[in-house]
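Colleague: Residue numbers (the numbering used here), protein chains in the order written: chain A, 34 to 269; chain Y, 34 to 269.
Number of protein chains: 2
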Amino acid sequence: MTSDGVSEQDFTLDGVPGALWSPAGAAGGRPLVLLGHGGGQHKKGPGLVARARRLVTDLGFAAAAIDMPGFGDRPKSEQDQRFLAEIAELRAAGEPVGARIASYQVARAGQAIADWQATLDALAGLGYPGPTGYWGVSLGTLIGVPLAAAEPRISAAVFGLAPHGPLAEAAARITIPVEFLLQWDDELVPRADGLALFGAFASADKTLHANPGRHADVPAFELDSSVRFLARHLTG
Amino acid sequence: MTSDGVSEQDFTLDGVPGALWSPAGAAGGRPLVLLGHGGGQHKKGPGLVARARRLVTDLGFAAAAIDMPGFGDRPKSEQDQRFLAEIAELRAAGEPVGARIASYQVARAGQAIADWQATLDALAGLGYPGPTGYWGVSLGTLIGVPLAAAEPRISAAVFGLAPHGPLAEAAARITIPVEFLLQWDDELVPRADGLALFGAFASADKTLHANPGRHADVPAFELDSSVRFLARHLTG
Numbered sequence: 034m035t036s037d038g039v040s041e042q043d044f045t046l047d048g049v050p051g052a053l054w055s056p057a058g059a060a061g062g063r064p065l066v067l068l069g070h071g072g073g074q075h076k077k078g079p080g081l082v083a084r085a086r087r088l089v090t091d092l093g094f095a096a097a098a099i100d101m102p103g104f105g106d107r108p109k110s111e112q113d114q115r116f117l118a119e120i121a122e123l124r125a126a127g128e129p130v131g132a133r134i135a136s137y138q139v140a141r142a143g144q145a146i147a148d149w150q151a152t153l154d155a156l157a158g159l160g161y162p163g164p165t166g167y168w169g170v171s172l173g174t175l176i177g178v179p180l181a182a183a184e185p186r187i188s189a190a191v192f193g194l195a196p197h198g199p200l201a202e203a204a205a206r207i208t209i210p211v212e213f214l215l216q217w218d219d220e221l222v223p224r225a226d227g228l229a230l231f232g233a234f235a236s237a238d239k240t241l242h243a244n245p246g247r248h249a250d251v252p253a254f255e256l257d258s259s260v261r262f263l264a265r266h267l268t269g
Numbered sequence: 034m035t036s037d038g039v040s041e042q043d044f045t046l047d048g049v050p051g052a053l054w055s056p057a058g059a060a061g062g063r064p065l066v067l068l069g070h071g072g073g074q075h076k077k078g079p080g081l082v083a084r085a086r087r088l089v090t091d092l093g094f095a096a097a098a099i100d101m102p103g104f105g106d107r108p109k110s111e112q113d114q115r116f117l118a119e120i121a122e123l124r125a126a127g128e129p130v131g132a133r134i135a136s137y138q139v140a141r142a143g144q145a146i147a148d149w150q151a152t153l154d155a156l157a158g159l160g161y162p163g164p165t166g167y168w169g170v171s172l173g174t175l176i177g178v179p180l181a182a183a184e185p186r187i188s189a190a191v192f193g194l195a196p197h198g199p200l201a202e203a204a205a206r207i208t209i210p211v212e213f214l215l216q217w218d219d220e221l222v223p224r225a226d227g228l229a230l231f232g233a234f235a236s237a238d239k240t241l242h243a244n245p246g247r248h249a250d251v252p253a254f255e256l257d258s259s260v261r262f263l264a265r266h267l268t269g
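1. Beta carbon of Y/Val139, beta carbon of Y/Leu221: below 8 Å?
2. Quick one: which chain A residues come within Cβ less than 7 Å of Y/Pro245?
3. Mind checking who A/Tyr167 pairs with in its DSSP beta bridge?
4. Would you please state the rounded distance, in angstroms, between the beta carbons of Y/Asn244 and A/Thr240? I believe it to be under 8 Å.
5. Residue range of the alpha helix (DSSP H) that Y/Asp226 falls in?
6. May I have the straight-line CA-CA distance separating A/Ala157 from Y/Phe262, to the nearest angstrom?
7. In chain Y, which residues lie with their C-beta within 7 Å of the C-beta of A/His197?
8. Since Y/His248 meets chain A, which of its residues come closer than 8 Å, beta carbon to beta carbon?
9. Would a check of beta-carbon distances place A/His266 closer than 8 Å to chain Y?
10. Three or more C-beta pairs under 8 Å: does that hold for the segment 46-62 of chain A against the segment 146-155 of chain A?
11. For A/Leu53 and A/Gly62, I'd like the C-alpha separation in whole angstroms.
12. Pull up the distance between the alpha-carbon of A/Asp257 and that of Y/Lys77, whole angstroms please.
13. Tell me whether Y/Trp149 sits in a helix, a strand or coil according to DSSP, three-state version.
14. Measure the C-alpha to C-alpha separation of Y/Tyr167 and A/Ala121 and round it to an integer number of angstroms.
15. Is it true that the CB of Y/Val260 sits closer than 8 Å to the CB of Y/Leu92?
16. Note down, in chain order, each residue of its chain lying with its Cβ closer than 7 Å to the Cβ of Y/Asp113, except the 5 sequence neighbours on either side.
17. May I have the straight-line CA-CA distance separating A/Gly105 from A/His70, to the nearest angstrom?
18. Give, in chain order, every residue of the segment 69-94 of chain Y whose Cβ lies closer than 9 Å to some Cβ of chain A.
19. Can you tell me the Cα-Cα spacing of A/Asp100 and Y/Val89, whole angstroms?
20. Kindly list the residues whose CB is nearer than 6 Å to the CB of Y/Asp272, restricted to its own chain and excluding five residues on each side of it in sequence; keep chain order.
21. Under a Cβ-count criterion, where at least 16 other Cβ atoms within 10 Å of its own Cβ denotes burial, should Y/Ser171 be classed as buried or exposed?
22. Helix, strand or coil: which one does DSSP assign to Y/Glu288?
23. Would you verify that the beta carbon of A/Ala95 is, or is not, closer than 8 Å to some beta carbon of chain B?
24. What is the DSSP secondary structure of Y/Val251, reduced to helix, strand or coil?
25. Would you mind sorting Y/Arg115 into buried or exposed? The rule is 16 or more other CB atoms within 10 Å of its CB.
26. In or out: A/Ala253 buried (at least 16 other Cβ within 10 Å) or exposed?
27. Using CA atoms only, rank isn't needed, just tell me which of A/Gln216, A/Asp37, A/Leu200, A/Phe213 is closest to A/Leu180.
28. Once the 5 residues before and after Y/Ala205 are set aside, which same chain residues still bring their CB inside 7 Å of it?
29. From the DSSP output, in three-state form, read off Y/Phe44 for me.
30. Helix, strand or coil: which one does DSSP assign to A/His266?
31. Between A/Arg86 and the rest of its own chain, which residues show a CB-CB distance below 6 Å, the 5 nearest in sequence each way excluded?
32. If contacts are defined as beta-carbon pairs under 8 Å, then A/Ala203 and A/Ala182 qualify, I think. What distance do you get, rounded to the angstrom?
33. For the alpha helix (DSSP H) holding Y/Pro50, just list the boundary residues, first then last.
34. When burial is assigned at 16 or more other CB atoms within 10 Å of the CB, is Y/Arg107 buried or exposed?
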């Protein structure tokens, strides 16, 4: 499907559904950004598609997204269902859920990492990647940090909205440039835990952008900033 | 003096030396940014002049700077000299000096605020201001925060590299958009004190940019970001 100069191509790799956005009529040989969706979202959530289109139209990059295990068109395991029931109970009791979500998603990130790596392998066959970036906050960071720690093809990343605790070991192995988003009044990630994750990256080139508001309130101007950050590190 | 399309005009107001940068051949009627210099610097320090020229060439704005009391071409009082001797002794003894510098400069900010307000009055007679911004970190923030709290003509500000303590009362009265710079390894401003100052601004629209490195190591890309921030808030 092509609209406004952006081609959107669906794919399925070993049962993992994904999508690739690129300039209409163009082939590989251009920077690629992997877009990690947030919790409750999927490979074509509206925020994610907006980011993909900006990368194509502003920078001439390509962008790819896949459904994470248990999200979008992928089935929820019995373990996922038990976990969701547990979260619903915690919420009903007015208990905080952020730390539990983070530890659960990081503990099972191995499958998501393998899926992303298979996606990268397949896209290499289509002329991608050249320089590869990653962009994902919240769930996209719970999976993205261990992915970037494991995957040398990723050379710059936008992360954020996630705590240090379960990511401590992976974060300490991150040396690529990072732009990190933090919400000052995040109801899921205590401020000190988000700041500690930023502090833990071993990257010499890392930058923290913090804004007032809750978990979902990242201001629109940060999209512009993330595009510029990826342009700066994946071109020239 | 005019170079590369930028006019630089010196002035003196009641013994306060200053400079105004504007597009060559242009008159007032454009946004104005007040540039507060850092400690040990003056109205034409190289970093400050670079910022002034960017505002003129990128945005068509005007920019103004004045020497703060005791800096540049303005005499040091006996009190200033005693203070500098005290700081030299603290440094020689390996003691931290940031908190002492901050409390001293904020305590005597009244004169600097009066000087900035007289400058604004005079520039109004030259067709300025329309929308007015402020840009100053370190000493530029120790003076700029109480200035912006007192001066309704200032409608957006870039601050940073300063602690909460002596600025607490003024910061709580700031409601304009603020972009705030923090150095993660600042040897003069403990991290928690810088974060607390960001937290204290009453502005709904405020954004924190933190980067690794010491007090003087603000990365060059933050200059680009500050220009964009001021463009966003001072133009239509």
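Ideal Cβ placement from N, Cα and C applies to all residues, glycine included.
Modeller: According to the data block:
1. no
2. Ala237, Lys239
3. A/Leu67, A/Ala190
4. 5 Å
5. 224-233
6. 38 Å
7. Result: empty, since nearest Cβ-Cβ is about 15 Å, beyond 7 Å.
8. Chain A residues near Y/His248: none, gap ~17 Å exceeds 8 Å.
9. no
10. yes
11. 14 Å
12. 32 Å
13. helix
14. 48 Å
15. yes
16. Gly103
17. 10 Å
18. none
19. 47 Å
20. In the structure displayed, chain Y extends from 34 to 269; residue 272 of chain Y sits before or after that span and is not available.
21. buried
22. A query on residue 288 of chain Y cannot be resolved here, the shown segment of chain Y reaching from 34 to 269 and no further.
23. No chain B is part of this structure, whose protein chains are labelled A and Y.
24. coil
25. exposed
26. exposed
27. A/Leu200
28. Ala233, Ala235
29. strand
30. helix
31. Val39
32. 4 Å
33. Segment 49-56 is the beta strand (DSSP E) holding Y/Pro50; no alpha helix (DSSP H) there.
34. buried
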